[in-house]
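Undergrad:
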Amino acid sequence: MKNKIVTVALSATFGLMASTAMAGTLEDVVAKGYIQCGVTTGVPGFALPDENNNWAGLDVDYCRALSAAIFNDPDKVRYTPLNSTERFAALSSGEVDVLSRVTTWTMSRDTQLGFNFVGVMFYDGQGFMVRKEDGISSASELSGASVCIQTGTTTELNAADYFAANGFEYNPIVFVERDEVLKAYEDGRCDVFTTDASGLAANRSKFADPSAHVILDDIISKEPLGPVVRQGDDTWFNIARWTYFALLNAEELGVTSANVDEMLGSDNPAIKRLLGVEGDFGSPMGLNKDWAYQIIKAVGNYGEIYERHVGPNTPLGLERGLNALWTQGGIQYGPPIR
Amino acid sequence: MAKNNTIYVREEIIAEKPAPNLSKGIVGWLRENLFSSVLNSILTVIGVAFLIWVVPILYGFLIGNAVWPGEGVTKADCQAPGAGACWAYIEDRMSFFIYGFFPQDAYWATQEGFFASIMAYWRVNAVFLVGILLIVPLMWPDLPYKGINAILFFAVYPVFVYFMLTGGVFGLEEVPTVKWGGLTVTLIIGLVGIVVSLPLGIILALGRQSKMPIIKSICIMFIEVWRAVPLISVLFMASVMLPLFMPVGMSVDKLLRALIGVSLFSSAYMAEVVRGGLQALPKGQFEAAASLGLNYWKSMFFIILPQALKHVIPGIVNSFIALFKDTSLVAIVGIFDLLKTVLVANLNLDWASKNQAITGYLFAAMVFWVFCYGMSRYSLMMERRLDTGHRDK
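Line order of the protein sequences matches chains E and H.
-8 is the number of the first residue of the first sequence in the working numbering; add one for each residue after it.
835 is the number of the first residue of the second sequence in the working numbering; add one for each residue after it.
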């Protein structure tokens, strides 16, 4: 996302590695008794140590769901904190079994690095934050605004593209460090602060009065963030992918961690199939029949995970938006289990 | 006439008068030290003005308006306008800063109180305690049994630390090194680096002065290669590139990789410091040792090195301090040392406030300062003790 040269330089290496990528990740994982999960070194809402010094967040809960599906226990996970330069090497080399680390799904990463993207756990994108008193409600009113931007990032390019494409005048005020950008915006040196929407929310909660700032609904870039596995191990890829789909299906069917035991007695055939009451969808993947039940029991459905870590009632306070289910105006869509 | 020719001779000594008021007491001290010339007076006035300007601000931020830990103190207190340093945040995250992700003891984690909070991490705390019990008598000059003490510290203690922290034996829960963190990791990297780099550095320095061409060139190459690359690239190499060269599925522990990298890196610097000491010795010392019939190792250990090392104590300690501070670079390869835990905790929105990050940095700076200042004072003490007449008193 941020460093093209590194990507190009490393892709050749990883391309060669892909052909030798290990088969049988599931066997390895079961044999060692835990999943090695690559997470960030700290992004609020996605992976951050909680008050008991355990990793917590949206990305972390995905790994816990995977662990519940395989081991019937969400805590058989070991986390490897990875920074953005070492994440792909760690996955290629087998140091981690799955990379759940706010990684943007792009074509080059999917096709050239020897990886498979499991799905989109979070649709992020670049947004704008303005002061409430300015009365701006949409990005279309930003013509002529001064914009605080961090230089040398895709954020800067996206903003330039957006304003050029819409024929707006704008006055970029650039800084090298994220903190400087934030300080400048807070001091009133510019009207608009722009970065990824989840980052906007995290930064807003640091302001003296967070409610004095609004994040506009307009999103000007696509940053689909999701877990990644090595290419060439379809069994593991299926487990990773259907763990994610099970989270979505559970929300769609109204199955939560609280009512999952009750739901075992449901008459709805879709729920019966999901929870393994009817049919066996687990063993073809090498899992137990009640794999999805274990996931939901341990970590809840997608909506619960979202609410717990990034939703409106958390310090991040992110509305569902694109991340709502397809039935509720979003684009999160889980193929049926049948 | 004759009367006028009388010569006056004082017959008793004049009683001592007190010194003039302007050159004694506070006024005198001020005149001498602060206002001795026009330039000094101007500098004094500027200095005092600066202090008057800055001290109240610092006091207000660090103490007066600071938010101290207590019952019911939350981020709202730290967000309040005019609030200073958010010490409550540091107190709340203290266990993370010291122990990182190290798991708490199942029983003691559920108990309340200060003792329970110590016992919850009894394995790490035992390591700290034993370490202090061994290192203090080792460094205290007048205490006996240095030999046994040294063996315990350098040979037995590392084994003890290893089993205590990694576990997996004697019924201790296994803790992978990725779960280690905070001050624990900083001290481990710092201590291992110090303990490994000094002997390795001495050997490399001797090797560089050796008359045997192969040993000499190997040592020169080692030193020059490690000194020529930045520590960051060594760490990146160890954490990013090394796994790609390894057989698939095999991996060396990340912390171990960083430990090796840091140790080799600092031993190259140490070698050059020690070489400085060796070169400062007059040739006569080497010849005297040889004329006594001592072989190479004996002359080195009994004659040359004790003198050479004494000369370069400031340089050695300088390297130690630099090494201790450099340990924070391991953060960039995802190892959670003290600074990294602070950086990550700063992102925590439970304490989101304007001064959260500043308070975190201040805390990290203070911890580093305590350790580095301690090292520097200890080295000064050793210098004075070992000063056997090479310096003007």
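By construction, the Cβ of each residue, glycine as well, lies at the ideal position given by its N, Cα and C atoms.
If I follow the unbroken alpha helix (DSSP H) through Gly1041 of chain H, where does it start and stop?
TA: Gly1016 to Arg1042 is the span of the alpha helix (DSSP H), which, as asked, contains Gly1041 of chain H.
Undergrad: Can you tell me where the beta strand (DSSP E) holding Val1204 of chain H begins and where it ends?
TA: Segment Gln1190 to Leu1220 is the alpha helix (DSSP H) holding Val1204 of chain H; no beta strand (DSSP E) there.
Undergrad: For my contact list, Val1176 of chain H and Val1146 of chain H are in at a C-beta cut-off of 8 Å; report their separation, rounded to the angstrom.
TA: Actually they do not touch by this definition, with Cβ atoms about 33 Å apart.
Undergrad: Applying the 10 Å Cβ sphere with the 16-neighbour rule, what's the burial state of Ala1072 of chain H?
TA: Counting Cβ neighbours within 10 Å, Ala1072 of chain H comes out buried, since at least 16 surround it.
Undergrad: In the DSSP output, which residue or residues are listed as bridge partners for Cys184 of chain E?
TA: Strictly speaking, residue 184 of chain E in this sequence is Phe, with Cys absent from that position. BP columns for Phe184 of chain E point to E:Met120 and E:Cys139.
Undergrad: Checking 8 Å against the spacing of the C-beta atoms, do Ala411 of chain E and Arg92 of chain E come in under that value?
TA: As displayed, chain E neither begins before -8 nor continues past 329, which places residue 411 of chain E out of reach and without an answer.
Undergrad: Of all the CB atoms in chain E, is at least one closer than 8 Å to the CB of Met998 of chain H?
TA: With 8 Å as the cut-off, Met998 of chain H does not count as an interface residue toward chain E.
Undergrad: How big is the Cα-Cα spacing for Asp281 of chain E and Asp224 of chain E?
TA: If you take the alpha carbons of Asp281 of chain E and Asp224 of chain E, they lie about 23 Å apart.
Undergrad: Quick check on Gln913 of chain H - is its C-beta less than 8 Å from some C-beta in chain E?
TA: At least one chain E Cβ lies under 8 Å of Gln913 of chain H.
Undergrad: From the beta carbon of Val1201 of chain H, is the nearest beta carbon of chain E less than 8 Å away?
TA: Not an interface residue.
Undergrad: Helix, strand or coil, according to DSSP, for Ser1073 of chain H in the structure here?
TA: Helix, per DSSP.
Undergrad: If you draw a straight line from the alpha carbon of Ile1048 of chain H to that of Leu1126 of chain H, how long is it in whole angstroms?
TA: The straight-line gap from Cα to Cα measures roughly 28 Å.
Undergrad: For Leu1173 of chain H, which residues in chain E fall below 7 Å Cβ to Cβ?
TA: Per Cβ cutoff of 7 Å: no residues; Leu1173 of chain H is ~12 Å from chain E at best.
Undergrad: Under a three-way DSSP split, which group does Pro163 of chain E fall into?
TA: Strand at Pro163 of chain E.
Undergrad: Name the DSSP bridge partner or partners of Tyr114 of chain E?
TA: According to DSSP, Tyr114 of chain E bridges with E:Pro215.
Undergrad: Apply the 10 Å Cβ neighbour rule to Asn1182 of chain H and answer buried if 16 or more other Cβ atoms are within range, or exposed otherwise.
TA: Buried is the call here.
Undergrad: With a cut-off of 8 Å, does the C-beta of Phe1170 of chain H fall near any C-beta of chain E?
TA: Output row for Phe1170 of chain H: interface = yes.
Undergrad: When DSSP labels each residue in this structure, what does Asp1160 of chain H get in the three-state scheme?
TA: Of the three classes helix, strand and coil, the one that applies to Asp1160 of chain H here is helix, per DSSP.
Undergrad: Chain H partners of Pro35 of chain E, CB-CB under 8 Å?
TA: The contacting residues are Leu1181, Asn1182 and Leu1183.
Undergrad: Does chain H have any CB closer than 8 Å to the CB of Pro218 of chain E?
TA: So, not an interface residue.
Undergrad: For the candidate residues E:Gly15, E:Gly33, E:Cys28 and E:Gly24, whose alpha-carbon lies nearest to that of Val1178 of chain H?
TA: It is E:Gly33 whose Cα lies nearest to the Cα of Val1178 of chain H.
Undergrad: With 16 other CB atoms within 10 Å as the buried threshold, where does Ala12 of chain E fall?
TA: Low confidence applies here, because Ala12 of chain E scores a pLDDT of 44, under 50, leaving its location unreliable and the question unanswered by this model.
Undergrad: Taking Cβ-Cβ distances below 7 Å as the criterion, which residues of the stretch 195 to 223 of chain E are in contact with chain H?
TA: The stretch 195 to 223 of chain E vs chain H, Cβ under 7 Å: Ser196, Lys197 and Ala199.
Undergrad: Is the CB-CB distance between Leu1228 of chain H and Val1201 of chain H below 8 Å?
TA: The displayed coordinates of chain H run from 835 to 1227. Any statement about residue 1228 of chain H would go beyond what the structure contains.
Undergrad: My output table needs one value for Glu850 of chain H: the three-state DSSP class, helix, strand or coil.
TA: In the structure shown, Glu850 of chain H sits in coil (DSSP, three-state: anything other than H, G, I, E or B).
Undergrad: Which residue comes first and which comes last in the alpha helix (DSSP H) that contains Ile1052 of chain H?
TA: Unbroken alpha helix (DSSP H) run through Ile1052 of chain H: Pro1047 to Ala1062.
Undergrad: Determine the direct distance from the alpha carbon of Asp52 of chain E to that of Asp258 of chain E, and round the result to whole angstroms.
TA: Rounded to the nearest angstrom, the two C-alpha atoms are 29 Å apart.
Undergrad: Report the neighbours of Lys1188 of chain H on chain E: residues whose CB is nearer than 9 Å to its CB, in chain order.
TA: Result: Glu177, Lys197, Phe198 and Ala199.
Undergrad: Pick out whichever of E:Ala283, E:Asp41 and E:Ser129 has its Cα sitting closest to the Cα of Val251 of chain E.
TA: Comparing Cα-Cα distances from Val251 of chain E to each of E:Ala283, E:Asp41 and E:Ser129, the minimum goes to E:Ala283.
Undergrad: List the DSSP bridge partners of Gly320 of chain E.
TA: Gly320 of chain E pairs with nothing; no bridge assigned.
Undergrad: Between Pro72 of chain E and chain H, is there a C-beta pair that is closer than 8 Å?
TA: Yes, Pro72 of chain E lies at the interface with chain H (some Cβ there is under 8 Å from its Cβ).
Undergrad: What are the start and end residues of the beta strand (DSSP E) that includes Pro260 of chain E?
TA: From DSSP, Pro260 of chain E is part of no beta strand (DSSP E) but of the alpha helix (DSSP H) over Pro260 to Leu266.
Undergrad: Say whether chain E places a C-beta atom closer than 8 Å to the C-beta of Ser929 of chain H.
TA: Interface residue, yes.
Undergrad: Indicate whether at least one CB of chain H lies closer than 8 Å to the CB of Thr76 of chain E.
TA: Closer than 8 Å: yes.
Undergrad: Tell me the rounded alpha-carbon separation between Leu1112 of chain H and Lys1045 of chain H.
TA: The straight-line gap from Cα to Cα measures roughly 15 Å.
Undergrad: Using beta carbons (cut-off 8 Å, strictly below), is Pro303 of chain E in contact with chain H?
TA: It does not: the Cβ of Pro303 of chain E has no partner Cβ on chain H nearer than 8 Å.
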